[in-house]
């Protein structure tokens, strides 16, 4: 068996979710290869070569891969799979926006079904994935010759960095010219990245407005060295940008500590954070669903409790 892991990167370094995807590939077993496609991506390929478990790195460096558009990437992956001597048995991508964008296109080009968001690999053809917003786990067996899979990064640890794989140049596929990135707005923050943070402070609709969100939660997050998150209700209300969103339609997180402030605990939000090691909920509604998954709960006015909690930590 030969497994191809599609690396997510910014041309300079690998994204953290790629390391979790390599660990998932190791659970399947076989020869693991990583594909790094980009422009000026030599540094990312060199980093991939050091990742434990990777036997070979394929580096495809061309201008039309600079923006990692899914159309060009999918065509490259499909061509690589078809051309490989002996073929690839699995293609794995992180279950991030990057992977969710490219994987369906790769599966379609290879004429196979996609297996989404796996949390375990029981055999080379058998995988476990959450369904019904994480309330049930489905065991899926695939008979497809190539399994195209996205991996829930929070379900697997990050691979180490004691590898020494060779880096091979891969000829680029043609530029399809189907999509073009016109601009990119990046949120600048000194706080940890949400998906990789060990502590997360999240706010919901109970904060009433964006000013309260920042006034109350930012000092607490600063005290804890935490990332800031939000429920979909808070994002839809315009309190914070959508890259703060935690949940089924946002980011899936599993930090050491998750503090939910003014979040009722809709099933879609719980699906994105219920694997956190310790969950603390602050809400004035004693019947709020968030208390069903919380390890610790504070019932009361968040506008009084959050400042008190911040002072107690200080």
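In the numbering used here, the protein residues as written are 3 to 316.
For glycine and all other residues, C-beta sits at the position ideal for the given N, C-alpha and C.
1. Rank 33, 194 and 62 by C-alpha distance to the C-alpha of residue 13 and give the top, closest one.
2. Measuring only between beta-carbons, confirm whether residue 110 sits less than 9 Å from chain B.
3. Since residue 149 is in the beta strand (DSSP E), which residue starts that stretch and which ends it?
4. Output the distance between the C-alpha atoms of residue 54 and residue 29, rounded to the nearest integer angstrom.
5. Report yes or no: do the stretch 44 to 58 and the stretch 160 to 177 share at least 3 C-beta pairs separated by less than 8 Å?
6. Could you tell me the boundaries of the beta strand (DSSP E) in which residue 131 lies?
7. Just the Cα atoms here: how many angstroms apart are residue 212 and residue 86?
8. Hey, out of 105, 229, 11 and 162, whose CA is closest to residue 199's CA?
9. What does the alpha-carbon distance come out to for the pair residue 152 and residue 20?
10. Return the bridge partner residues of residue 139 from the DSSP annotation.
11. Using C-beta distances below 7 Å, list every residue in its chain close to residue 277, excluding the 5 sequence neighbours before and after it, in chain order.
12. Secondary structure at residue 170, three-state DSSP: helix, strand or coil?
13. Decide if the stretch 169 to 188 is in contact with the stretch 213 to 228; the criterion is three or more beta carbon pairs, one per stretch, under 8 Å apart.
14. Among 192, 281, 291 and 26, whose alpha-carbon lies nearest the alpha-carbon of residue 126?
15. Can you tell me whether residue 231 is helix, strand or coil according to DSSP?
16. What is the C-beta distance between residue 78 and residue 5, in whole angstroms, given that I count them as a contact (C-beta under 8 Å)?
17. Just to confirm the assignment: which complete beta strand (DSSP E) runs, minimum length 3, are found wholly within the stretch 172 to 255?
18. Starting from residue 81 and walking both ways along the alpha helix (DSSP H), at which residues does that stretch end?
19. Using 9 Å as the threshold, is the C-beta distance between residue 304 and residue 263 below it?
20. In whole angstroms, what separates the C-alpha of residue 210 from that of residue 265?
21. If we count the other Cβ atoms within 10 Å of its Cβ and call it buried at 16 or more, is residue 75 buried or exposed?
22. How long is the line joining the alpha carbons of residue 68 and residue 182, rounded to whole angstroms?
23. Which whole-angstrom value describes the C-beta separation of residue 312 and residue 221, a residue pair presumed to lie in contact below a C-beta threshold of 8 Å?
24. Measure the alpha-carbon distance for residue 236 versus residue 285 and round it to whole angstroms.
If we stick to the structure as given:
1. Comparing Cα-Cα distances from residue 13 to each of 33, 194 and 62, the minimum goes to 62.
2. In the structure shown, chain B does not exist; there is a single protein chain.
3. Here the beta strand (DSSP E) through residue 149 covers 149 to 153.
4. Computed Cα separation, rounded: 13 Å.
5. yes
6. Residue range 128 to 133 is occupied by the beta strand (DSSP E) that includes residue 131.
7. The alpha-carbon atoms of residue 212 and residue 86 are separated by roughly 52 Å.
8. Nearest option by C-alpha distance: 229.
9. Between residue 152 and residue 20, the C-alpha separation is close to 11 Å.
10. 132
11. The beta carbon of residue 277 lies closer than 7 Å to those of 156 and 256 in the same chain, with the five residues before and after it left out.
12. strand
13. no
14. 26
15. strand
16. Not really, about 17 Å apart at Cβ, beyond 8 Å.
17. 201 to 205 and 229 to 232
18. 72 to 85
19. When the beta-carbon positions are compared, residue 304 and residue 263 come within less than 9 Å of each other.
20. 11 Å
21. buried
22. For the pair residue 68 and residue 182, the Cα-to-Cα distance works out to about 10 Å.
23. The pair is a contact, with the Cβ atoms about 5 Å apart (cut-off 8 Å).
24. 15 Å
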